[in-house]
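Engineer: This structure is in C-alpha cells; I'll ask about it shortly.
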Amino acid sequence: MRFEIMRLDDVNGTAVDSTVVDAASVNRIVQQAASTGQRIYIRPAASAAQ
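Okay, here's the thing in C-alpha cells:
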C-alpha cells in the first residue's frame with residue numbers, strides 16, 4: 001500500500017509539499033517529523049488503476 005504524506009505549513013496548515021511512499025517508509029517519516037516538530041498529514045495514495 002502507498003501513502004501520500006503532505007508537510008504542512010506551521011502558520012496556516014496548508015500543504016507545502018507532498019510525496020508518495022510505500023508503507024515501510026511511513027514510520028521513518030513520522031519519526032523524523034516528530035523529532036523536528038514538523039506537521040504532516042498522511043492519507044492513502046490514490047491508486048493508478050481505477
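According to UniProt numbering, the residues represented by the sequence shown are 1 to 50, in order.
Glycine included, every Cβ here is placed at the ideal spot set by N, Cα and C.
The model shown is predicted, which means the values in this text are computed figures rather than measured ones.
1. With distances taken from CA atoms, which of Ile40, Leu8, Ala46 is nearest Asn27?
2. Is it the case that the Cβ atoms of Val16 and Arg7 are separated by a distance below 8 Å?
3. Since Ser18 and Ile5 should fall inside the 8 Å C-beta cutoff, what is the C-beta to C-beta distance between them, to a whole number of angstroms?
4. Measuring alpha carbon to alpha carbon, tell me which residue in Ala24, Arg2, Met1, Asp10 is nearest Thr36.
5. For Ala24 and Arg43, I'd like the C-alpha separation in whole angstroms.
Structural biologist: Taking the geometry as given:
1. Against the sequence shown, residue 27 aligns to sequence position 27. Here the closest residue by C-alpha is Ile40.
2. Position 16 of the sequence shown, counted from the first residue, corresponds to residue 16. Position 7 of the sequence shown, counted from the first residue, corresponds to residue 7. Contact: yes.
3. On the sequence shown, residue 18 is found 18 positions in, with the first residue counted as 1. On the sequence shown, residue 5 is found 5 positions in, with the first residue counted as 1. Cβ-Cβ separation between Ser18 and Ile5: approximately 7 Å, consistent with a contact (criterion under 8 Å).
4. If you number the sequence shown from 1, residue 36 lands on position 36. For the set Ala24, Arg2, Met1, Asp10, the Cα lying nearest the Cα of Thr36 is the one of Asp10.
5. Taking the first residue of the sequence shown as 1, we reach residue 24 at position 24. Taking the first residue of the sequence shown as 1, we reach residue 43 at position 43. Near 14 Å, if we compare the C-alpha coordinates of Arg43 and Ala24.
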